[in-house]
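In the working numbering, the protein residues as written are 1 to 320. The beta-carbon is built from N, C-alpha and C at its ideal position, and this holds for glycine as well. Have a look at the structure below, then the notes.
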């Protein structure tokens with residue numbers, strides 16, 4: 001990373017191009033979120049998940065076709081760790097929308113047995129190893145609680161950065177976080193990748209990752225404002241970003257290596273989680289350089305805002 005140690009790029013000079021690029025991404029994301037929405041998983045929509053084990057490997061597409069031809073047209077089928085285990089997700093059915101726990105358990109059992117009967121036509125060794133049911137009401141509550149968790153996290157960050165730095169930095173950091181969350185969610189909406197609780201956890205992790213990058217840059221900005229007294233705010237921003245660029249690139253690359261490995265080798269269960277983090281790390285790295293700093297600069301940050309005002313005669317206050 002010695003090549004990055006002495007880099008001198010006018011990032012702030014390209015902030016208008018970055019603004020247009022970010023605006024386009026946000027418009028596409030919001031447009032998709034409002035028109036297509038998110039492809040909510042079982043955690044949010046409710047329904048039944050059945051994991052079936054076979055003694056021999058089976059093909060998920062064949063299982064899906066068999067279920068669709070036998071009364072389960074909306075069944076989602078994917079491998080569960082290996083080709084001997086199949087996870088089947090079934091959307092809520094009228095028979096499952098009951099008020100009593102005993103009735104729900106009974107319906108879940110009947111549905112699981114119906115699925116098993118169909119799969120035994122494919123392989124007689126099929127047996128259920130796991131069956132979970134989530135009611136629609138629980139799914140609605142998870143949507144509300146997840147949204148509130150993200151809102152509280154952003155409000156907490158707004159307060160924290162305000163106390164640690166200055167309100168302009170706080171708004172810059174929050175604008176970057178909102179930017180990251182909207183675009184990451186927009187990618188899930190555009191490609192209709194399943195959005196479940198693991199993805200929500202990934203979005204919260206993206207908020208933390210992006211904030212960490214932004215705080216590193218802001219720390220250097222505050223330090224340089226105090227030492228580079230003859231430089232303009234734009235020059236101070238550029239210098240600070242360039243000085244922290246090596247650290248940002250190393251952190252992002254090493255994180256991406258782990259996430260790509262999880263996405264490729266982790267299996268279907270964590271694919272969406274890893275994908276959310278991959279998108280979030282890329283967008284978060286971009287926003288910490290352009291969005292957070294650009295917003296702070298646009299709000300009129302200057303050296304005077306970061307240097308405490310000395311009261312006249314403060315050095316004589318010890319004299320009675």
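Mapping the DSSP letters down to three states, classify residue i as helix, strand or coil.
i, result
"residue 127", "strand"
"residue 323", "Lying outside 1 to 320, the shown extent of the chain, residue 323 is not represented and no answer is given."
"residue 40", "strand"
"residue 212", "helix"
"residue 79", "strand"
"residue 70", "coil"
"residue 229", "coil"
"residue 271", "helix"
"residue 112", "helix"
"residue 224", "helix"
"residue 29", "helix"
"residue 61", "helix"
"residue 301", "coil"
"residue 7", "coil"
"residue 324", "Residue 324 cannot be examined here, being either before or after the span of the chain that is shown, 1 to 320."
Between residue i and residue j, what straight-line distance do the alpha-carbon atoms span, to the nearest angstrom?
i, j, result
"residue 240", "residue 299", "18 Å"
"residue 127", "residue 263", "28 Å"
"residue 232", "residue 265", "48 Å"
"residue 196", "residue 42", "7 Å"
"residue 145", "residue 35", "23 Å"
"residue 169", "residue 63", "54 Å"
"residue 55", "residue 48", "23 Å"
"residue 173", "residue 24", "20 Å"
"residue 125", "residue 58", "11 Å"
"residue 74", "residue 46", "14 Å"
"residue 154", "residue 67", "43 Å"
"residue 95", "residue 114", "Confidence in residue 95 is poor, its pLDDT being 41 and thus under 50, which makes the residue's placement unreliable; the coordinate value appears in the next sentence. Each residue's Cα considered, the two are about 13 Å apart."
"residue 184", "residue 29", "8 Å"
"residue 141", "residue 147", "10 Å"
"residue 271", "residue 295", "33 Å"
"residue 157", "residue 131", "39 Å"
"residue 70", "residue 152", "46 Å"
Specify, as a first and last residue, the run of the alpha helix (DSSP H) that residue i falls within.
i, result
"residue 90", "Residue 90 -> not in any alpha helix (DSSP H); beta strand (DSSP E) instead, spanning 82-90."
"residue 258", "233-265"
"residue 291", "291-298"
Pull the bridge partners of residue i from the DSSP assignment, please.
i, result
"residue 285", "In the DSSP output, where bridge partners are listed per residue, residue 285 has none listed."
"residue 330", "Since the first and last residues shown for the chain are 1 and 320, residue 330 lies out of range."
Please report the residue range of the beta strand (DSSP E) in which residue i lies.
i, result
"residue 52", "47-53"
Review point. Can you list, in chain order, the stretches of the alpha helix (DSSP H) that have 4 or more residues and sit fully within the stretch 134-208?
Key: Runs of the alpha helix (DSSP H) lying entirely within the stretch 134-208 and spanning at least 4 residues, in chain order: 136-164 and 167-191.
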